[in-house]
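Novice: Here it is, the structure in full.
Okay, structure coming up:
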């Protein structure tokens with residue numbers, strides 16, 4: 001279990017590893033595709049790494065609903081329940 | 001016929017992470033093989049405990065997201081290609097992407113990615129297999145990544161012909177340029193396959209030297225005590241242009257890529273034809289394509305891997321192609337220093353051949369203590385050999401499992 005700030009920080013690290021973007025740029029209101037310029041294959045890499053890091057399942061059909069970093073943080077927080 | 005010239009060189013190898021260092025060490029005679037310090041050597045009780053790893057890790061040169069998205073083989077290729085591109089002065093030049101092609105070879109491709117992915121599947125299940133796995137393991141990964149980097153849209157080709165791949169990439173480049181498909185080609189070869197699995201596999205076929213107690217002396221082409229090749233890794237890259245394109249932009253020209261010859265033995269899947277008919281034909285084809293006579297050749301960068309069975313047929317091919325002139329040809333077996341870079345070997349050795357012509361110096365062969373009397377070649381040992389002034393020709397030989405023979409011929413410019 002992690003609170004949303006910890007999830008955001010963890011997600012920012014994953015995004016940084018994958019894309020080289022500074023962790024500070026990964027904010028809740030940022031869109032993965034529009035703002036962070038993350039392509040679909042990078043998005044899937046981030047999803048796979050997030051599943052491992054947060055010990056959750058993010059179904060493939062759910063990924064398209066995660067348009068912003070905040071969406072992903074909420075989903076992970078709920079999935080961790 | 002369109003003349004083709006070499007205007008840029010790049011390399012990352014066991015004896016230098018760039019061309020100036022590689023060249024300096026190749027003249028000095030520097031063994032690149034060392035005892036491997038990876039935990040997996042002991043873990044798997046590998047029968048061979050040494051190899052020639054690159055002098056500069058690609059992670060020291062590339063950005064971290066790049067290393068995560070590229071297999072080691074593509075990383076090494078990218079390092080060499082960027083060097084060659086900058087060396088050719090093309091960073092500051094506008095090149096028409098539709099007239100720019102890539103021909104980047106490999107022997108094996110992304111073997112680390114393939115096997116890591118397999119481990120992940122078995123340990124953690126299919127969900128943990130990374131989405132970038134396929135583009136990272138495919139043998140055309142380096143060609144694709146380099147074409148993306150340079151904006152090359154006239155084709156991105158990959159010669160896959162085992163240890164002949166590097167020279168075959170030049171053959172493909174010639175085709176792209178002479179057919180009028182491209183004005184500039186980024187050619188080369190890469191290999192990043194020093195993995196316990198490949199070491200075990202090559203060792204199983206008795207191809208590798210087992211001189212574990214003295215890695216520096218293990219790669220010894222033409223020596224009576226040679227006992228196998230030394231696994232190496234790295235990449236070489238050459239920017240090849242039509243003479244017209246190079247001159248129009250005022251490029252510095254290293255040498256002419258005069259011709260190439262590719263043949264296949266159809267003799268045995270791994271053993272070279274003892275009569276070396278295929279290798280001889282490849283040599284003759286390269287000279288013919290270059291419009292050269294055997295007597296024009298003064299330097300050979302030989303394939304010479306240091307295996308008991310491999311070195312001799314190459315001697316036979318040279319004897320057949322050059323006849324009595326062979327005694328005047330100075331032969332460098334640079335795998336004695338670099339180890340065998342498999343699909344990158346012919347590319348790195350072509351870089352060395354081009355440097356030899358430009359600097360008029362043939363690099364040295366090390367570890368030749370007792371030359372095998374069955375191969376009376378004029379081998380460069382001790383100190384580099386000066387090449388004469390005037391027009392000089394040199395050839396670079398590469399042969400590979402599968403019966404592949406590839407020869408490139410270069411001329412001073």
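Protein chains in written order, with full-length UniProt numbering: chain R, 1 to 81; chain S, 1 to 413. C-beta atoms are modelled at their ideal positions from N, C-alpha and C, and glycine is treated no differently.
Helix, strand or coil: which one does DSSP assign to residue 371 (chain S)?
Specialist: As a working note, residue 371 (chain S) is residue 371 in the second chain. In the structure shown, residue 371 (chain S) sits in a strand (DSSP, three-state: E or B).
Novice: Is residue 41 (chain R) close to chain S? Criterion is C-beta to C-beta, closer than 7 Å.
Specialist: Locating residue 41 (chain R) in the first chain gives position 41, where the first residue counts as 1. For residue 41 (chain R), the answer is yes, since a Cβ of chain S falls inside 7 Å of its Cβ.
Novice: Could you tell me whether any Cβ in chain S is nearer than 7 Å to the Cβ of residue 70 (chain R)?
Specialist: Here residue 70 (chain R) refers to the residue found at position 70 when the first chain is read from its first residue. Residue 70 (chain R) does not count as touching chain S.
Novice: Roughly how many angstroms lie between the CA atoms of residue 77 (chain S) and residue 337 (chain S), to the nearest whole one?
Specialist: For the purposes of this step, residue 77 (chain S) is taken as the residue at position 77 of the second chain. For the purposes of this step, residue 337 (chain S) is taken as the residue at position 337 of the second chain. Rounded to the nearest angstrom, the two C-alpha atoms are 20 Å apart.
Novice: In whole angstroms, what is the alpha-carbon distance linking residue 271 (chain S) and residue 373 (chain S)?
Specialist: Sequence index remark: in the second chain, residue 271 (chain S) carries index 271 (1-based). Sequence index remark: in the second chain, residue 373 (chain S) carries index 373 (1-based). C-alpha separation (whole angstroms): 22 Å.
Novice: Quick one: which chain S residues come within Cβ less than 8 Å of residue 19 (chain R)?
Specialist: In the first chain, the residue the question calls residue 19 (chain R) occupies position 19. Within chain S, the residues near residue 19 (chain R) are 65.
Novice: What residues in the segment 107-129 of chain S have a beta carbon less than 9 Å from any beta carbon of chain R?
Specialist: 124, 127, 128 and 129
Novice: Would you decide whether residue 4 (chain R) is buried or exposed? Buried here means 16 or more other CB atoms lie within 10 Å of its CB.
Specialist: Taking the first chain and counting its residues from 1, one reaches residue 4 (chain R) at position 4. Residue 4 (chain R) is exposed by the Cβ-count criterion.
Novice: Under 8 Å, with one C-beta from each stretch per pair, do the segment 231-243 of chain S and the segment 77-88 of chain S reach the 3-pair mark?
Specialist: yes
Novice: When Cβ atoms are compared, which residues of the UniProt domain "EAL" (1-81) of chain R fall closer than 9 Å to chain S?
Specialist: Answer set for the UniProt domain "EAL" (1-81) of chain R: 16, 17, 18, 19, 20, 21, 40, 41, 42, 43, 44, 45, 47, 48, 49, 51, 52 and 57.
Novice: So, is the C-beta of residue 131 (chain S) closer than 7 Å to a C-beta in chain R?
Specialist: Position 131 of the second chain holds residue 131 (chain S). Chain R, which has a Cβ nearer than 7 Å to the Cβ of residue 131 (chain S), makes this yes.
Novice: To which residues does DSSP link residue 161 (chain S) through a beta bridge?
Specialist: The residue labelled residue 161 (chain S) in the question sits at position 161 within the second chain. Partner(s): S:163.
Novice: Going by other Cβ atoms of all chains shown within 10 Å of its Cβ, with 16 needed for buried, is residue 335 (chain S) buried or exposed?
Specialist: To locate residue 335 (chain S), count along the second chain from 1; it is residue 335. Counting Cβ neighbours within 10 Å, residue 335 (chain S) comes out buried, since at least 16 surround it.
Novice: Relative to the C-alpha of residue 269 (chain S), which residue among S:59, S:19, S:404 and S:97 is closest?
Specialist: As a first step, residue 269 (chain S) must be located in the second chain, where it is residue number 269. Looking at the Cα atoms, S:404 is the closest of the given residues.
Novice: Within the chosen definition, does the segment 90-98 of chain S reach the segment 157-169 of chain S through at least 3 CB pairs nearer than 8 Å?
Specialist: no
Novice: For residue 210 (chain S), which of helix, strand or coil comes out of DSSP?
Specialist: What you label residue 210 (chain S) is simply residue 210 of the second chain in a count that begins at 1. Coil, per DSSP.
Novice: From the DSSP output, in three-state form, read off residue 68 (chain R) for me.
Specialist: Here residue 68 (chain R) refers to the residue found at position 68 of the first chain. Looking at residue 68 (chain R) - three-state DSSP - the assignment turns out to be strand.
Novice: If distances are taken between C-alpha atoms only, which option among S:363, S:156, S:146 and S:108 comes closest to residue 382 (chain S)?
Specialist: Position 382 of the second chain, counting from 1, holds the residue named residue 382 (chain S). Nearest of S:363, S:156, S:146 and S:108 to residue 382 (chain S), Cα basis: S:363.
Novice: Note down, one range per segment and in chain order, each alpha helix (DSSP H) of at least 4 residues found wholly within the UniProt domain "Carrier" (2-80) of chain R.
Specialist: 4-19, 40-54, 60-63 and 69-80
Novice: Are the beta-carbon atoms of residue 210 (chain S) and residue 5 (chain S) separated by less than 7 Å?
Specialist: Residue numbering aside, residue 210 (chain S) sits at position 210 when the second chain is read from its first letter. Residue numbering aside, residue 5 (chain S) sits at position 5 when the second chain is read from its first letter. Their beta carbons are not under 7 Å apart, which means residue 210 (chain S) does not touch residue 5 (chain S) by this criterion.
Novice: Is residue 11 (chain S) near residue 27 (chain S), with beta carbons less than 7 Å apart?
Specialist: The residue you call residue 11 (chain S) lines up with position 11 of the second chain. The residue you call residue 27 (chain S) lines up with position 27 of the second chain. Cβ distance not < 7 Å, so residue 11 (chain S) and residue 27 (chain S) don't count as in contact.
Novice: Can you tell me whether residue 183 (chain S) is buried or exposed? The criterion is at least 16 other CB atoms within 10 Å of its CB, across all chains shown.
Specialist: Indexing the second chain from 1 puts residue 183 (chain S) at position 183. Buried is the call here.
Novice: Given this structure, state the Cα-to-Cα distance separating residue 131 (chain S) from residue 137 (chain S), to the nearest angstrom.
Specialist: For this step, residue 131 (chain S) is matched to residue 131 along the second chain. For this step, residue 137 (chain S) is matched to residue 137 along the second chain. Cα to Cα, the separation comes out at about 11 Å.
Novice: Can at least three beta-carbon pairs, one atom from the segment 51-68 of chain R and one from the segment 139-153 of chain S, be found at a separation below 8 Å?
Specialist: no
Novice: Is the beta carbon of residue 253 (chain S) less than 7 Å from the beta carbon of residue 44 (chain S)?
Specialist: Numbered from its first residue, the second chain carries residue 253 (chain S) at position 253. Numbered from its first residue, the second chain carries residue 44 (chain S) at position 44. No, Cβ-Cβ distance for residue 253 (chain S) and residue 44 (chain S) is not below 7 Å.
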